[in-house]
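The letter at position 230 of the sequence shown is residue 235 when you use my numbering, and the numbering goes up by one with no holes. What follows is a set of notes on a single structure, which appears directly below.
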Amino acid sequence: MRIWVSRPEPGASRTARRLAELGHAALVAPVLRIAPSDGPPPTGRFDGLILTSANAAAPLAAAGLPEAPVFAVGTRTAERAERAGLRSVHCADGDAVSLARLVAAHVRPGGTLLHAAGEDRKAEPAASLTAAGYRVTTWTAYAALAEATLPQPVVQGLMGQDGAPLAAALHFSRRSAEIAVHLSGKAGLGGAFRALAHYCLSPDVALGLVELGVAAHFVAARPSEEALLAGLAASD
6 MRIWVSRPEP GASRTARRLA ELGHAALVAP VLRIAPSDGP PPTGRFDGLI LTSANAAAPL
66 AAAGLPEAPV FAVGTRTAER AERAGLRSVH CADGDAVSLA RLVAAHVRPG GTLLHAAGED
126 RKAEPAASLT AAGYRVTTWT AYAALAEATL PQPVVQGLMG QDGAPLAAAL HFSRRSAEIA
186 VHLSGKAGLG GAFRALAHYC LSPDVALGLV ELGVAAHFVA ARPSEEALLA GLAASD
């Protein structure tokens, strides 16, 4: 299949390589681009550093904070944290619940935590940790900016103008999925977009599509790229 990968770089190119290994053709056309935050990093010492996105790893490493254990939401985020130079990295199972559990196993309630995150973020795990007695500071380490128009290669792919038409789309976040719906409709290609097979990283991502009238073809059993790509094999 020819598959649209709309996630931001550098993850999009990595996913494209994985798709090529599986025999698929990837159309890399992100609808979000990552930009550094204007806000200065926090000061002081923290008992733990929380990462819910791989995009926050490099800014956190560059912040120059005193060393503290790092709690990453999943494998890819943990790998990016280690490549950025962060030490003592602990990896959760890919969701906010397991991440909060991991923090609680290493830091006692009352401890100070820093959540380095994007401008667009969910309340968890900070809400649960705060309710459990932790003092959580959230730092906006980066912003994910939406593209204003549908990327031209996607326009051509949805119209079948550049060879093999698009057959599917991979959705890694609720926000990127919703932006893809919006931009496709804005370009007058909402029907062609809805006709794709939509593969979603999690139920939350799928819900973002469903609420906008787009059916999810596949929802990964776990929020990981491996589980998402396994859905392609299951559909063969």
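All C-beta atoms in this analysis are idealised placements derived from N, C-alpha and C, irrespective of residue type, glycine included.
Could you check the C-alpha separation between Glu129 and Gly168 for me, to the nearest Å?
-> Answer to the nearest angstrom: the Cα atoms are 43 Å apart.
Enclosing alpha helix (DSSP H) for Phe198 [first to last residue] = For Phe198, the enclosing alpha helix (DSSP H) has its first and last residue at Gly195 to Arg199.
Pull up the distance between the alpha-carbon of Ser133 and that of Ala202, whole angstroms please.
-> Inter-residue distance for Ser133 and Ala202 is about 35 Å (C-alpha atoms, whole angstroms).
When the Cα atoms are used, what is the spatial distance from Leu234 to Ala68?
-> When rounded, the distance between both Cα atoms is 34 Å.
Rounded to whole angstroms, what's the CA-CA distance from Gly236 to Tyr147? Just pull it up for me.
-> Cα to Cα, Gly236 sits roughly 30 Å from Tyr147.
Answer yes or no: do Gly79 and Cys96 have a C-beta to C-beta separation smaller than 8 Å?
-> The answer is yes: Cβ separation under 8 Å.
Report yes if the C-beta distance between Ala86 and Ala73 is below 8 Å; otherwise report no.
-> When the beta-carbon positions are compared, Ala86 and Ala73 stay at least 8 Å from each other.
Applying the criterion that 16 or more other CB atoms from any shown protein chain within 10 Å of the CB defines a buried residue, is Gly165 buried or exposed?
-> Exposed, since its Cβ has fewer than 16 Cβ neighbours within 10 Å.
Would you list the residues sitting across from Leu32 in a DSSP beta bridge?
-> Paired residue(s): Trp9.
Going by CA-CA distance only, name the one from Ala34, Ala25 and Ala122 that's closest to Leu54.
-> Put simply, of Ala34, Ala25 and Ala122 the residue whose alpha carbon is nearest the alpha carbon of Leu54 is Ala122.
According to DSSP, which residues form a beta bridge with Leu237?
-> DSSP output for Leu237 lists no bridge partner at all.
When the distance is taken between beta carbons, is Trp144 closer than 8 Å to Pro15?
-> Not closer than 8 Å, so no.
Candidates Ser181, Phe198, Tyr139 and Ala62: which alpha carbon is nearest Ala172's?
-> The residue with the shortest Cα to Cα distance from Ala172 is Phe198.
Express the C-alpha separation of Trp9 and Leu25 in angstroms, rounding to a whole number.
-> Per the sequence presented here, residue 25 reads as Ala, with Leu not at that position. About 13 Å.
Please say whether Leu119 and Val108 have beta carbons closer to each other than 8 Å?
-> Using a Cβ distance threshold of 8 Å, Val108 and Leu119 do not count as a contacting pair.
Helix, strand or coil for Gly165 per DSSP?
-> Looking at Gly165 - three-state DSSP - the assignment turns out to be coil, as it is neither helix nor strand.
Go ahead and pull the three-state DSSP assignment for Pro243.
-> No information on residue 243 is available, as it lies outside the stretch 6 to 241 that the chain covers here.
Selected residue, minimal CA-CA separation from Thr154, among Ala131, Ile39 and Leu188 = Nearest option by C-alpha distance: Leu188.
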